[in-house]
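Chains as they are written, first to last, in the working numbering: chain A, 3 to 426; chain B, 3 to 426. One structure below.
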C-alpha cells in the first residue's frame, strides 16, 4: 500500500515534514506496512530544500498543480495565514483529498467551514500540529477520551510565554529583559505580540473548546489576557504563597454552559502544571470517566510540529482506499458563559499609600461585596511612596470582586489599578 | 450508523464499561454520529449488573453465543487471566469481529499470536486499557508518535507501587506499614505480589517495548526488581541527594539494541516524573522527531479503565463497515541487551562496621574497577553496630560496578549485601 503526499509550504515546518518523511520513511513502512511517499513540494521559494536529496520529488511553485496531481492523496498545508492557505485547503478537499494542516489561526477563524467541506467530500481534515506541537493532544481529546464528557481543560499552550514566566520565576528576572532575550535568541516570534498578549493561546483555546464540546464558538468571545502586566514582584509574591504563575487556557463546563478564557493564573506549586517549565507545553484534561489526565511536550519548533503533521499523514495513509471514518460532528454555535459568574480565588496586588486605615478601608469595601480574605502580604519596601499590598481571597464571585475593586481603585490612597489574577 | 457491543466479564472493569456505554451513549452518538449500542453482557455471575437498567440487552452466561450473535460487531474481553479469555478472543477474531481487551498479562505472554489472528481475519485487536488505564498511551505511541524512532520510554505503570513510594516519601513511613494500609483500603491487589514485586509493571513494559520497536520480545528476558527492599532510609537518603525513588519501566534503544527493565530508580526531583504522586501513572516518551513527551493519569480503577475500553470501541465503531486500517506490523523476535552493558549512575547503600579504613577500602576496590564516587553520605547513627554508607557513583558500566561490589560485599566489615539502585 502506498500513499502520495504533497507538501505546500517549504518553510520551517514544511522543511521539517520533508525531512521526517525522507529520514523516517523506512521506519513508517516497517511499522505500518504503508509506504508514505513524498511526491511533491510547492512553495514560491524552495531554497531551504537544498539540504535534501529530493530525487523523484516534484518541486515547484504551483500549489494548484500539486493538488490536482493524481499521485497526491494527502495534501499538507504548511504555509500558514489565511490566504492562499484557505483556498488551497478547500480546493484539495473538494478534489477528494484529505488535508493535514498546522494552521491554528485559520482553524480558529474558519474551522467549522473547513471541517464541513471535508465531511461533504468524504475526506479528512486533520490538524494535530495546530495545538501544542509535538503533543498528540487532539488525538487524545477526540479519540483517546471519546467516552468522556470533558469537565475541565487547563492548557499551557504558548512556549514563549511559559519560557518567559519560567525565567522570571527561577532567575528573578523582569518581564521586559526576559522578552528581549527571547527575541534576541530567535525564540519568540517577531513581533512577539501574538504570543505575549495571549492571542496565540486563544486560537488554541478556541480549537480545544470546539473539540471538547463538539460545538462552534466565536474566537472573539474568549476573554484574553496576556502576560505583559506580570511583574517579577507578582511572581515572587505568588511563590511566597505557594503558587507559580502560568498563562493558561481554561476551558470548563459549568451548569450546562461553556467557559473558555486565556489568562495568567496562579497554579499551586505541587500541581503537575507547575512542573512544566521553560518552552514546554502541557494540557490537563479532566473527563467524567477517565478523571485527570495530562499531556506534556514541545509545543512548537520545526521537528515536534513535523512529528504531529506526519502522524496525521500516517493515520490517513493506513486507511488506504477505505472511506473516512465517521467524522466528529459539530453542533450549532454556542455562546460562552459570562466570566463575571466565575467563582474562585483571586490574587490581588494593590498599590497603596502607606498610611493609617488603608487595610481597614480596603477590607471593609471587599467585605461589603461579600469578598473575604484568605491571606495577606505587605512588605515595608516602598516604591515611589507606595507599597504593595497582596491579598488572596477566599472563593468569591468574580463580578462581586470587580464591583468592590471599582470602589477601591477610586480611593485616594490607591496608586494604580489593582492587578487581579485568578487562582487555579 | 450503529455498532453492537458484547461485553464478556461483568466484574469491576466490565461493570465500568457497561456503566459508561449506558451513561454516555448519547454523548458518543452526538460527537461521532455513531450509535454504540450495548447488546450483550455475558458472565457466570451477573449480580453486580443489578444496578443498571439493561432493558433490551441480552444478559447471560453464554460467551460463545454472544460472540456468535450477528448483532455483536465488537467483543470486549474483560474477564482477565489466560483461559477462557484467550479462547474467547480467538473465537471472536476468527468470527470476523474486532476485539477490545484490557488483559495485560495475556497480551504480555500471547500478544503476537493474538495480533496475528486479528490481522489474518482483517479485524482489529485493541488494548488501550492494558497499559496505564485511563491514559491513552497506546494510541499516543502507535499513532500520535508514528513518525518517530523511540529513543527512550520511562513508565510509572503501577499505581500501588507509586502510592506506597509516595507515602514513604512524603509521610516518612516504612514499606511494610504503607503496604498494610494499602491492602486494608482495598487499594492493592490481594495478594499484592504482582504489584510490589514489579511483575505487573513488567507486563506493561513488555507491551510498550513491543509497540515501540514493532518486535516480539520475551517477557522472561526483562530484568524485574520490585520495591520490597526499599526502606524509608533509602527514600530519605535519596531526597537528601535531590532524588525521589520511583518504580520505573525503562525502555531504550542503545546502539541498535533494545534495553527493557523494571526497577526502582532515583529520579531527579525537578524531573516531571518526580511530580507524579500517589496512585497516578505516567509515561515519558522521547522520540527522535517529537523529542520529549509525557502522558499522565489514573493507571487503574473501574472508570479510568472503562474510559480506555470504550475509546477503543468508538474507534472501531467510527470505521463502520470499512476494512480495518493497515495493522501495525511486528518484526521477528529480538533479544534484549545485556543489562551489564548499562552505563549510568548508581546509588549504593552499604552497611558497614564503623571502624578505621572502611571508606578507604571500599573506595579503593571501586576505583580498581573504574568506578568513581560523585557524592557520599554517612551518618553517626548506628543500627546493630553497623552504619549506613551511601555512595552516589559517577557514570559507570554496570558490570564493572557489580564486580567491585562482589569483592566489597565479601569484606569482613560489611554487614549485609549492598543495596544498589539506578539513577535516571
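Quick reminder that beta carbons are idealized off the backbone N, C-alpha and C, glycines included. This structure is a prediction, so every number in the text was calculated from the model and none was measured.
With 16 other Cβ atoms within 10 Å as the buried cut-off, status of residue 187 of chain A: exposed
Report the start-end ranges of each beta strand (DSSP E) in the segment 231-304 of chain B that is 3 residues or longer and not cut off at the edges. 245-256, 259-270, 282-289, 293-300
Rounded to the nearest angstrom, how far is the Cβ of residue 240 of chain A from that of residue 268 of chain A, given a contact under 8 Å? 5 Å
Can you pull the chain A neighbours of residue 330 of chain B, defined as C-beta to C-beta under 7 Å? 33, 34
Amino acids of chain A, ordered along the chain, whose beta-carbon sits closer than 8 Å to that of residue 312 of chain B: 148, 149, 291
Cβ of residue 137 of chain B less than 7 Å from any chain A Cβ? yes
Buried or exposed: where does residue 308 of chain B fall if 16 or more other Cβ atoms within 10 Å of its Cβ makes it buried? buried
May I ask you to report which of helix, strand or coil DSSP gives residue 160 of chain A? coil
Label residue 352 of chain A either buried or exposed according to how many other C-beta atoms from any shown protein chain fall within 10 Å of its C-beta, with 16 as the threshold for buried. buried
Return the residues of the segment 409-426 of chain B that lie within a Cβ-Cβ distance of less than 7 Å from chain A, sorted by chain order. none
Please list the residues of the segment 157-169 of chain B that have a C-beta atom closer than 9 Å to any C-beta atom in chain A, keeping them in chain order. none
Give every residue of the same chain whose Cβ lies closer than 7 Å to the Cβ of residue 201 of chain B, excluding the five residues on either side of it in the sequence, and list them in chain order. 226
CA nearest to the CA of residue 220 of chain A, picked from A:261, A:95, A:182: A:261
Using the Cα positions of residue 230 of chain A and residue 392 of chain A, report the straight-line distance between them to the nearest angstrom. 19 Å
Quick check on residue 187 of chain B - is its C-beta less than 7 Å from some C-beta in chain A? no
Reduced DSSP category for residue 119 of chain A - H, G, I as helix; E, B as strand; rest coil: helix
Can you say whether residue 357 of chain B is buried or exposed, counting buried as having 16 or more other CB atoms within 10 angstroms of its CB? exposed
Which residues of the segment 293-304 of chain A have a Cβ closer than 7 Å to any Cβ of chain B? Give them in chain order. 293, 294, 295, 296, 297, 298, 299, 300
Which residues does DSSP list as the beta-bridge partners of residue 398 of chain B? B:346
Please list, in chain order, the chain B residues whose beta carbon lies closer than 7 Å to that of residue 321 of chain A. 327
Distance check for residue 334 of chain A and residue 233 of chain A, CA to CA, integer angstroms please. 41 Å
Would you check if the distance between the CB atom of residue 44 of chain A and the CB atom of residue 10 of chain A is smaller than 7 Å? yes
Supposed contact pair residue 136 of chain A and residue 325 of chain A - C-beta distance, whole angstroms, cut 8 Å: Actually they do not touch by this definition, with Cβ atoms about 29 Å apart.
As a quick exercise: from B:162, B:15, B:16, B:75, pick the residue whose alpha carbon is nearest that of residue 193 of chain B. B:162
Can you grab the Cα-Cα spacing for the pair residue 413 of chain B / residue 247 of chain A, in whole Å? 54 Å
Does DSSP put residue 25 of chain A in a helix, a strand or coil? helix
DSSP-derived helix/strand/coil call for residue 424 of chain B: strand
Using a Cβ-Cβ distance cut-off of 7 Å, determine whether residue 22 of chain B contacts chain A. yes
Distance check for residue 90 of chain B and residue 119 of chain B, CA to CA, integer angstroms please. 12 Å
Determine the closest residue to residue 209 of chain B out of B:280, B:274, B:418, B:140, with distance taken between C-alpha atoms. B:140
CA-to-CA distance, residue 20 of chain B to residue 332 of chain A, given in whole angstroms: 26 Å
Short CB-CB distance (under 7 Å) between residue 100 of chain A and chain B: no
Nearest-angstrom Cβ-Cβ length linking residue 237 of chain A and residue 38 of chain A, presumed shorter than 8 Å: That pair is no contact at about 45 Å.
According to DSSP, is residue 207 of chain B part of a helix, a strand, or is it coil? helix
Please state the DSSP three-state secondary structure of residue 179 of chain A. helix
Exposure label - residue 173 of chain B; buried when at least 16 CB within 10 Å: exposed
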